Structures are given as structure tokens and as C-alpha cells.
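Counting in the UniProt record's numbering, the sequence shown runs from 1 upward without gaps. Backbone N, C-alpha and C fix where the C-beta goes; we use that ideal spot for every residue, glycine too. Just so you know, these numbers come straight off a predicted model, no measurement behind them. As C-alpha cells, the structure follows; a few thoughts come after it.
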Amino acid sequence: MPGFPLGFIGASLFTIGVFIIAWILAKSLKCNPSLMFQVFFGVHPGSLQNKVVWITGAGSGIGKQLALDLTKYGAKLVIHSLPGEDLDSLKEQCILLGFLIPHKPIGGSQGKISSEDIYLIHGDITSGNLHQQWVTDALKHFGQASTVIAGSFEETSVEDDRKMFEVNVFGGVQLTRALIPHFKERRKGHVVVTSSMLGRMFSPSQAVYSACKHALFGYYQALGIEGGMYGLDVTIICPGPVKTPLIFKPFSNVNKSFIDSQMLVMIPIDLHGLLAGQVIWITGASSGIGEALAIRLASLKARLILSARRLEELQRVKSLCLETSLGMLSEDSILLLPMDVTETEKHSMHLETIIKHFGKLDILVNNAGRSQRAEFQRVQVDVDRALFELNVFGPVALARTVLPHFVERGSGQVVITSSVMGKFAAPYSCSYAASKHALHGYFETLRAEQALSGVHVTLLCPGPVLTNAAQESFTDTPGQKVGKPWGQGGRMTSERCADLIMVAIVNHIDEAWISQQPVLTICYLAQYFPSFMRKAMSILGPRMANKLRDQE
1 MPGFPLGFIG ASLFTIGVFI IAWILAKSLK CNPSLMFQVF FGVHPGSLQN
51 KVVWITGAGS GIGKQLALDL TKYGAKLVIH SLPGEDLDSL KEQCILLGFL
101 IPHKPIGGSQ GKISSEDIYL IHGDITSGNL HQQWVTDALK HFGQASTVIA
151 GSFEETSVED DRKMFEVNVF GGVQLTRALI PHFKERRKGH VVVTSSMLGR
201 MFSPSQAVYS ACKHALFGYY QALGIEGGMY GLDVTIICPG PVKTPLIFKP
251 FSNVNKSFID SQMLVMIPID LHGLLAGQVI WITGASSGIG EALAIRLASL
301 KARLILSARR LEELQRVKSL CLETSLGMLS EDSILLLPMD VTETEKHSMH
351 LETIIKHFGK LDILVNNAGR SQRAEFQRVQ VDVDRALFEL NVFGPVALAR
401 TVLPHFVERG SGQVVITSSV MGKFAAPYSC SYAASKHALH GYFETLRAEQ
451 ALSGVHVTLL CPGPVLTNAA QESFTDTPGQ KVGKPWGQGG RMTSERCADL
501 IMVAIVNHID EAWISQQPVL TICYLAQYFP SFMRKAMSIL GPRMANKLRD
551 QE
């Protein structure tokens with residue numbers, strides 16, 4: 001077919017084939033093939049004898065069962081759960097089980113579990129000020145910690161996105177950070193994270209939970225690469241529906257496949273006719289990708305709302321847009337709407353201003369955000385929160401604000417600037433990678449929920465792109481910025497990125513990877529061969545992987 005991308009056909013057939021094979025294997029094995037291989041040929045769980053394993057969320061469900069199973073193999077346990085959970089009863093069960101099924105003794109072990117081999121911690125994992133004390137007490141009791149398992153926490157009382165992330169993400173991440181100095185000193189350790197199948201996919205009506213589990217991948221994949229330098233192993237567990245109390249107490253108040261930049265250039269489309277007259281709201285429009293996109297859209301006679309914090313920069317961009325439009329747009333065709341996307345209480349007021357001015361909104365481009373450069377261990381939790389407020393909670397709240405307008409009209413499009421780091425993590429950007437993974441959890445779910453409403457969702461995964469984002473990037477300290485540029489080689493220009501974004505928008509592409517080689521190849525490896533990809537990044541080491549990401 002003339003003009004039709006043959007590469008897209010091949011990728012589609014390959015995707016279908018991989019899906020069929022994976023489904024057959026999963027149906028018969030009940031887990032992914034690499035895990036089943038380890039069941040038969042890998043290290044036996046008996047190697048955990050006398051190892052100290054810290055399990056959070058151990059009061060029920062998967063955490064409780066894991067504690068009982070580890071007892072069979074002689075592991076020493078730190079059992080951690082919320083105040084009020086009956087951990088004493090669980091401890092008695094573990095001791096009894098260890099007595100009934102004595103393991104083969106090694107060293108000075110008697111082959112049985114004693115009371116001293118199990119240490120209990122009652123505490124809310126979101127209490128970040130207590131993490132270091134818990135670690136100190138546990139190390140004082142055992143003298144070591146070999147493995148920490150950041151488990152699934154109580155999700156029934158969640159009121160909003162921030163609370164859900166405090167419980168499911170930030171608490172466990174901070175506990176892991178508190179243990180890293182000990183692992184570094186011993187030159188070995190193992191972090192096991194209980195994510196979920198929804199950390200790799202999505203499900204309607206579970207947007208927040210899915211986003212949390214996606215975010216865990218961003219954090220712990222980055223840690224896995226960084227930790228390779230000091231012998232730290234990271235394992236991410238993705239269980240499916242498991243019969244636990246959480247299944248019967250669901251939380252409340254949660255209300256085209258991907259395509260890469262090389263395929264995008266082969267899609268023939270009349271952008272001018274499709275975008276002329278469209279009302280498009282762009283956040284983060286004062287610089288970088290947002291600025292370039294605004295100028296390109298102005299040349300196609302699109303009517304624009306430009307938002308960012310700096311009014312003087314928005315005025316500069318508006319002047320460039322009017323100049324580029326060659327008289328096709330008037331002053332009234334471009335509305336400047338200064339805003340801080342994290343001030344979610346003002347979103348409705350801003351939408352009312354737009355509707356009053358233009359009478360409608362066709363497309364929201366959620367582009368506001370900042371990057372990060374910092375080592376996993378050193379990041380303060382206030383940086384995590386600030387970055388998620390800007391990169392996740394603000395854009396999600398804005399999308400929720402415009403959604404009723406789109407649904408009422410029976411048409412509309414939400415465009416989200418994620419990143420290639422929403423597909424795979426890189427070292428020294430753990431919070432940023434986690435935030436971009438979280439966006440996929442939220443907006444993949446939104447797409448599924450709005451499949452029949454006429455509302456389209458497009459996730460953009462650009463990078464690396466030639467912008468001034470480096471100077472504004474978060475570090476490990478609240479209020480601090482990197483303040484210096486990264487390497488410039490091998491980066492796509494923001495203008496080229498904007499051109500490809502417009503193609504993705506008008507074609508209603510679900511997910512667009514916009515990057516140059518070799519990063520684009522890494523996206524494919526991460527998508528189809530994740531285990532191989534993680535091993536390759538570990539072999540390269542964090543510094544080499546970081547240089548590859550920054551194109552230095």
C-alpha cells in the first residue's frame with residue numbers, strides 16, 4: 001500500500017506473535033518463563049538460611065504468607081506492619097512452623113527457628129522520621145540485614161492520590177534508602193519490591209493504584225543499575241490477582257498502541273487541514289518542547305492557550321507564534337494563561353477562562369514538568385513529593401478538570417508528555433523515572449475508561465531532546481537545581497520533536513516514542529526483552545548507562 005509504513009506492519013505482527021507465545025506460557029506456567037527457569041534450575045530458597053529478611057506489609061496477604069514460607073527455609077525475619085496488626089500471632093506461627101519443618105542446619109544453626117530469630121516492628125511506613133530508628137534497632141538485634149522486601153500496604157483508607165503514593169511508593173522507597181548504607185558497607189544486599197501486574201499494564205477504575213505500581217518500576221530499576229557498583233541486587237515482583245483481604249476491601253474515591261519516531265515520519269497526513277481552528281491548551285509552553293510545539297501549531301492556524309509560570313516568557317513565545325502565523329492568527333487567537341500546574345485548586349477557574357474566551361477546548365497538552373539528577377540513596381523524600389506534585393499530581397488533576405467538558409462534547413484529546421524514561425529507568429534519575437512511569441499508569445487507565453466516549457489519550461515518550469531542561473532539574477536536595485547543561489550530542493531538536501508530536505496528535509496515536517538512536521533501540525529492548533535489557537544495563541554500569549542516556 002503506497003505510503004503505508006511496512007515497519008509498522010512488521011512491528012504489529014511481531015507484537016501479536018510475542019503476545020500469543022507469552023499467553024500460552026503464562027497459561028501453563030503461572031509465571032513468566034524466566035522465573036519458571038529459575039524454579040527448576042536456579043538457586044534453591046534454602047540459601048536464605050540465616051539470612052535476615054525484612055518484610056513490610058507482613059500483617060496479611062502476600063507479606064504474611066511470605067513470612068511463613070521463609071520460615072521453612074531458616075530465614076531470620078524482621079516482620080513489619082501497621083500498628084494494630086496481630087504480628088505476635090504471626091511470630092508464633094512462624095516459630096511453630098520452623099519447629100515442625102526443621103531445615104538442614106548450617107554453621108552454628110540448630111535447624112530450628114527461635115524467638116530471637118524474628119523481630120517485630122509496628123509502624124506506619126509513611127512515617128519517614130522513624131525509618132532510620134527502625135533500621136538501627138533491627139541491625140542492633142541481628143547485626144545485619146540481607147534482604148528488604150517492600151510489600152503491598154493497606155489501601156482501603158486512601159483519600160486521594162497523595163495519600164496513595166505516600167503509602168505505596170514514598171514510604172517503601174525511604175525505608176530502602178535508610179538501608180542502603182548498610183548494604184554498601186557489606187558490599188552485598190537484596191531489595192525485593194512487590195509491585196503488581198498493574199505495574200506493567202492497566203485496568204479501568206484502578207488508575208491511582210496502577211500509577212503507584214508503575215512508579216515503583218521507575219524507582220527500583222534505577223536503583224538496580226546504581227546498586228550494581230556495590231553488590232546490591234534488586235528484584236521486582238509483579239503478582240496478579242491474589243486472594244488476600246485487599247481483594248475484598250477495594251479502596252474508594254478513585255474515580256493505537258505505541259509507535260516510534262521512525263514510523264511517525266512514514267504516516268502521510270495533512271496537518272494543516274486537521275489542526276486549523278482547533279483550540280489547544282499547552283502547559284509548560286514557555287520553553288523547550290512546549291515552546292516549539294506552540295510555534296509549529298501557530299503556523300497551522302491552531303488557536304492556542306499558553307500556560308507556564310513566567311508571564312514574560314509566555315509573551316515572548318506569543319510574539320514568535322504570531323510572527324510564524326504570517327497574519328493568519330490575531331492577538332485574540334492566542335490566550336496567555338499564567339499558572340502553576342501544582343495549584344490544583346485553580347484549575348477549574350482556568351478552564352472557565354478558556355471556555356469564556358474560545359467557547360470550547362479541543363486538546364489539552366500536559367507538558368509541564370522537570371527532570372532530575374541525583375543518586376537514589378541521597379534523594380530526600382521532600383524532593384520525591386515536589387517532583388511528583390509537578391510531574392504527576394498536577395497534570396493528572398488538570399486532566400480530570402477538562403475531562404467532563406470533553407465527555408459532554410463527545411470529543412477531545414488529552415496529550416501527556418511522558419519520556420523514554422517512562423518505558424525504562426536510567427541511573428541517577430530515580431524520582432523522575434518513577435514519575436514518568438506513574439503517568440503511564442494513570443493515563444493508560446484513563447484511555448481504557450474513556451474508550452467509548454470519544455475522548456482520546458496520547459502518551460508522548462520523547463528523549464533525549466535538545467532543550468534547557470538541565471538547568472532546571474531537581475537534585476537530591478529540596479529547592480536545589482542542577483544549574484548546568486548536559487551533553488548536547490545525539491539529541492533531537494525541539495523543533496523536530498514538535499513536528500512528530502503533531503503527527504501523533506492528529507493520528508490519535510496511543511503512545512509515541514520520539515527519539516534518535518541508540519535510545520530508540522533501547523526502548524524496543526525494554527518493551528520486548530525487559531530481563532535482557534536490565535542485565536545489559538547492569539553490565540554497562542551506571543556511569544556508562546548515564547552517559548548513554550545523556551548522549552555525552
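For Leu306 and Lys318, which I take to be in contact (beta-carbon distance under 8 Å), what is that distance rounded to the nearest angstrom?
Position 306 of the sequence shown, counted from the start, is the residue given in the question as residue 306. Position 318 of the sequence shown, counted from the start, is the residue given in the question as residue 318. Right, the Cβ-Cβ distance comes to about 6 Å (below 8 Å), so this counts as a contact.
Relative to the alpha-carbon of residue 555, which residue among Gly128, Ile121, Asn129 and Ile125 has its alpha-carbon at the smallest distance?
What is shown of the chain runs 1 to 552, which leaves residue 555 out entirely.
Cβ separation of Leu361 and His405, assumed to be a contact under 8 Å, to the nearest whole Å
Stepping through the sequence shown from its first residue, residue 361 is reached at position 361. Stepping through the sequence shown from its first residue, residue 405 is reached at position 405. About 6 Å separates the two Cβ atoms, so the contact holds.
Report the residue from Ile522, Ala512, Phe532 and His437 whose alpha carbon sits nearest the alpha carbon of Arg200.
Numbered from 1 along the sequence shown, position 200 holds the residue referred to as residue 200. Selected option, being the one with the closest Cα: His437.
Leu297 (DSSP reduced to helix, strand or coil):
Along the sequence shown, read from residue 1 onward, the residue named residue 297 stands at position 297. Of the three classes helix, strand and coil, the one that applies to Leu297 here is helix, per DSSP.
Is the beta carbon of Gly123 within less than 7 Å of some heavy atom of the ligand NAD?
Because no ligand of any kind appears in the structure shown, any question about the ligand NAD cannot be addressed here.
Which residues does DSSP pair with Lys76 in a beta bridge?
In the sequence shown, counting from the first residue as 1, residue 76 sits at position 76. Residue pairing of Lys76 in beta bridges, as defined by DSSP: Val52.
Closest to Arg296 by C-alpha separation, out of Val234, Thr324 and Lys188, would be which residue?
Locating residue 296 in the sequence shown gives position 296, counting from the first residue. Nearest of Val234, Thr324 and Lys188 to Arg296, Cα basis: Thr324.
Minimum length 3: unbroken beta strand (DSSP E) runs contained in the segment 333-404:
Runs of the beta strand (DSSP E) lying entirely within the segment 333-404 and spanning at least 3 residues, in chain order: 334-336 and 363-366.
Cβ separation of Gly57 and Ser81, assumed to be a contact under 8 Å, to the nearest whole Å:
Taking the sequence shown and counting its residues from 1, one reaches residue 57 at position 57. Taking the sequence shown and counting its residues from 1, one reaches residue 81 at position 81. Sure, about 6 Å apart at Cβ, within 8 Å.
With a cut-off of 8 Å on the beta carbons, I'd call Leu374 and Asp476 a contact; round off their distance for me.
Counting from one through the sequence shown, the residue named residue 374 turns up at place 374. Counting from one through the sequence shown, the residue named residue 476 turns up at place 476. The amino acid at residue 374 is misidentified as Leu; the sequence shows Ala. Yes, they are in contact, since the Cβ atoms of Ala374 and Asp476 sit about 4 Å apart, within 8 Å.
Contact between the segment 385-396 and the segment 177-196 (3+ Cβ pairs under 8 Å)
No: fewer than three Cβ pairs fall under 8 Å.
Selected residue, minimal CA-CA separation from Gly288, among Arg491, Asn507 and Ala67
As a first step, residue 288 is located in the sequence shown; it is residue number 288 there, counting from the start. Taking only the C-alpha atoms, the option nearest Gly288 is Arg491.
Decide yes or no for the touch test of the segment 374-385 against the segment 331-349: beta carbon pairs closer than 8 Å, at least 3 of them.
Short answer: they don't touch.
What first and last residue would you give for the alpha helix (DSSP H) that runs through Arg200?
In the sequence shown, counting from the first residue as 1, residue 200 sits at position 200. Following the DSSP letters along the chain, one finds Arg200 in no alpha helix (DSSP H), marked with neither H nor E.
Contact belief for Ile505 with Gln413 at Cβ below 8 Å, rounded distance in angstroms:
The residue labelled residue 505 in the question sits at position 505 within the sequence shown. The residue labelled residue 413 in the question sits at position 413 within the sequence shown. Contact between Ile505 and Gln413 holds, since their C-beta atoms are separated by about 7 Å, short of 8 Å.
8 Å Cβ cutoff, Gly231 in contact with chain B
Protein chains in the displayed structure number just one, and chain B is not present.
Short of 6 Å in beta carbon distance, which residues of its chain neighbour Lys346, apart from the five on each side in sequence? Order them along the chain.
For the purposes of this step, residue 346 is taken as the residue at position 346 of the sequence shown. Shown here for Lys346: not one same chain residue has a beta carbon closer than 6 Å to its own, the five before and five after excluded.
Can Ser494 and Thr467 be called in contact, C-beta distance under 8 Å?
To locate residue 494, count along the sequence shown from 1; it is residue 494. To locate residue 467, count along the sequence shown from 1; it is residue 467. Ser494 places its beta carbon less than 8 Å from that of Thr467.
Can you tell me whether His122 is helix, strand or coil according to DSSP?
Taking the first residue of the sequence shown as position 1, residue 122 is located at position 122. Strand, per DSSP.
Would you report the Cα separation of Ile62 and Asp124, rounded to the nearest angstrom?
Counting from one through the sequence shown, the residue named residue 62 turns up at place 62. Counting from one through the sequence shown, the residue named residue 124 turns up at place 124. Roughly 18 Å separates the two Cα atoms.
Count the other C-beta atoms from every protein chain shown that fall within 10 angstroms of the C-beta of His440, then say buried if there are 16 or more, exposed otherwise.
Taking the sequence shown and counting its residues from 1, one reaches residue 440 at position 440. Under the 10 Å beta carbon count, His440 is surrounded by 16 or more other beta carbons and is classified as buried.
Proximity to Ser473 [Cα-Cα], best of Gln278, Asn391, Val415 and Gln133:
Working through the sequence shown from its first residue, we reach residue 473 at position 473. Out of Gln278, Asn391, Val415 and Gln133, Asn391 has the C-alpha closest to the C-alpha of Ser473.
Residue from Gly59, Pro83 and Gly84 whose Cα sits closest to the Cα of Cys94
The residue labelled residue 94 in the question sits at position 94 within the sequence shown. Checked all of Gly59, Pro83 and Gly84; the closest Cα to Cys94 is Gly59.
Going by DSSP in three states, Lys163 sits in which element: helix, strand or coil?
Along the sequence shown, one-based indexing puts residue 163 at 163. Lys163: helix per DSSP, three-state reduction.
Please classify Ala276: is it buried, with 16 or more other beta-carbons within 10 angstroms of its beta-carbon, or exposed?
Numbered from its first residue, the sequence shown carries residue 276 at position 276. By the neighbour-count rule (16 or more Cβ atoms within 10 Å), Ala276 is not buried but exposed.
contact_flag[the segment 167-176, the segment 349-359] where n(CB pairs < 8 Å) is 3 or more:
Not touching, per the Cβ criterion.
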